[in-house]
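Report on one structure; see the data block that follows.
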Amino acid sequence: MSVVIVGAGGFGREVNQYIRDIGTHEVRGFLDDHATAVEPASLGLEVLGTVRDYEPLEDDLVVLAIGRPDLRVSIATELRERGARFLSVIHPLAWVADTAVVGAGSIIAPFATVGAHAMLGDNVVMTFYSSVAHDARIGEGSALSPYSVANGGAELGVAAFLGAGAIVNPLKKVGDHSRVAAASVVYRDVPTRSLASGNPAKSRPLLGS
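Adding 213 to a residue's 1-based position in the sequence shown gives its number in the numbering used here.
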């Protein structure tokens with residue numbers, strides 16, 4: 214099976230390194246609507262084309278190396294409708310409990326942790342030292358930045374985002390398409406399409422929502 218990485222920027226190159234570290238798959242190349250050939254070429258790989266033009270091959274597995282949660286969800290939907298299958302990338306230096314559930318296409322970076330009975334939806338991204346504690350629920354496409362934490366029983370909705378060092382306290386919820394700013398601490402549920410910031414975090418509607 215060969216891997217196609219969506220996104221040829223820095224995150225895409227980082228995911229390529231994770232796949233190399235795991236050592237079970239070969240990366241065939243990148244898809245990117247805006248990339249130049251410079252960055253992938255430095256890896257001995259190429260941009261295969263745009264997301265719009267891509268037709269999955271029988272042996273392709275896709276990984277979405279895209280930072281924005283909303284784009285990850287929409288592109289995953291588009292590619293799934295064309296028959297794409299998604300590869301979960303769990304770095305050997307991550308710790309994932311054997312009772313946890315990790316959805317297809319999720320990316321778990323070195324030193325990230327996923328606790329007992331936690332559930333990650335499809336295409337979730339956990340970056341360096343992020344943590345999902347026991348019984349937490351993380352919605353499709355959501356992203357946890359470095360050192361962010363979803364504590365025990367916390368919930369992130371679809372396409373939610375935690376900034377670096379953000380903390381969601383036990384049993385608290387962050388709504389669909391909401392964002393928690395870096396270093397903020399959530400003590401109360403965050404409504405859908407909101408930005409929560411500060412300690413204690415206060416929520417306000419996201420502009421354009």
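Even for Gly, the Cβ is constructed at its ideal location relative to N, Cα and C.
Here the structure is a predicted model, which means the values were calculated and not measured.
{"Asked": "Same chain, Cβ closer than 8 Å to residue 389, neighbours up to 5 away in sequence not counted", "Found": "352, 370, 371, 372, 373, 405, 406"}
{"Asked": "Range of the contiguous beta strand (DSSP E) that encloses residue 239", "Found": "239-244"}
{"Asked": "For residue 418, the three-state DSSP class (helix, strand or coil)", "Found": "strand"}
{"Asked": "Separation of residue 333 from residue 315, as counted between CA atoms", "Found": "5 Å"}
{"Asked": "Residue 290 (DSSP reduced to helix, strand or coil)", "Found": "helix"}
{"Asked": "Residue 350 (DSSP reduced to helix, strand or coil)", "Found": "strand"}
{"Asked": "For residue 225, the first and last residue of its enclosing alpha helix (DSSP H)", "Found": "223-235"}
{"Asked": "Pair within 8 Å by beta-carbon distance, residue 357 and residue 384", "Found": "no"}
{"Asked": "Residues that residue 399 bridges to, as DSSP identifies them", "Found": "381"}
{"Asked": "Own chain, CB closer than 6 Å to residue 423, minus 5 neighbours either side, in chain order", "Found": "The displayed coordinates of the chain run from 214 to 422. Any statement about residue 423 would go beyond what the structure contains."}
{"Asked": "Buried versus exposed, by CB contacts within 10 Å (16 or more), residue 229", "Found": "buried"}
{"Asked": "Beta-carbon proximity list for residue 306, same chain, < 7 Å, skipping 5 on both sides", "Found": "323, 324"}
{"Asked": "Coil, strand or helix - residue 270 by DSSP", "Found": "coil"}
{"Asked": "Sub-8 Å separation of residue 282 and residue 355 beta-carbons", "Found": "yes"}
{"Asked": "Whole-Å CB distance - residue 338 paired with residue 300, under 8 Å assumed", "Found": "The pair is not a contact, with the Cβ atoms about 13 Å apart (cut-off 8 Å)."}
{"Asked": "Candidates 380, 364, 261, 308: closest to residue 320 by CA position", "Found": "308"}
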